[in-house]
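Reading through the C-alpha cells given below for one structure.
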Amino acid sequence: MSKTQNIANKEITRITKNTIVAIRMPKGLVDELKDLQKINHFMDLSDEIRFIIRKYCIARQDQPESIIKRQKLIEDLTKIIENLKGETQ
Numbered sequence: 000m001s002k003t004q005n006i007a008n009k010e011i012t013r014i015t016k017n018t019i020v021a022i023r024m025p026k027g028l029v030d031e032l033k034d035l036q037k038i039n040h041f042m043d044l045s046d047e048i049r050f051i052i053r054k055y056c057i058a059r060q061d062q063p064e065s066i067i068k069r070q071k072l073i074e075d076l077t078k079i080i081e082n083l084k085g086e087t088q
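Taken in order, the sequence shown gives residues 0 to 88; the numbers are from numbering that gives the first Met the number 0.
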C-alpha cells in the first residue's frame with residue numbers, strides 16, 4: 000500500500016470512529032426534530048439527528064481519491080515553497 004493510500008485509510012478510520020457529542024439548540028429546533036422523529040419512526044431524538052447527519056453531511060465527505068489528490072497537492076506545494084526558499088538564500 001502506498002504512503003498516500005495509507006494516509007487516506009487513516010483519515011477514513013478517523014472519520015468513522017464513534018464519538019459522543021453534546022450540543023445545545025433552541026427549544027423550537029428541538030420541537031421540530033421531535034416532530035421529524037415521529038414522522039420518520041425513530042425511537043429517540045439522537046436517531047433522528049444521526050439520520051440527518053448521515054443524509055446531509057457524510058454524503059458530502061471527501062472520497063479517498065480526493066484525499067489522496069489533496070495530499071499530493073500539499074506535497075507538491077511544499078516542494079515548490081522549499082525550492083523558492085532555496086533560491087532566495
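Glycine included, each C-beta is placed from N, C-alpha and C at the ideal position. Nothing here was measured: the structure is a model prediction, and the numbers come from that model.
Point to revise | Residue closest to Thr-164, alpha-carbon to alpha-carbon, out of Ser-45, Glu-86 and Ile-38 | key: For residue 164 there is no data in the structure shown, the boundaries of the chain being 0 and 88.
Check your understanding: Using DSSP with H/G/I as helix, E/B as strand and the rest coil, what is Pro-25?
Key -> coil
Review point. Between which two residues does the alpha helix (DSSP H) carrying Phe-50 extend?
Key: 44-55
Exercise for review: In angstroms with no decimal places, state the Cα-to-Cα distance between Glu-86 and Leu-76.
Suggested key: 15 Å
Exercise for review: With a 10 Å radius around its C-beta and 16 neighbouring C-beta atoms as the bar for buried, classify Glu-47 as buried or exposed.
Suggested key: buried
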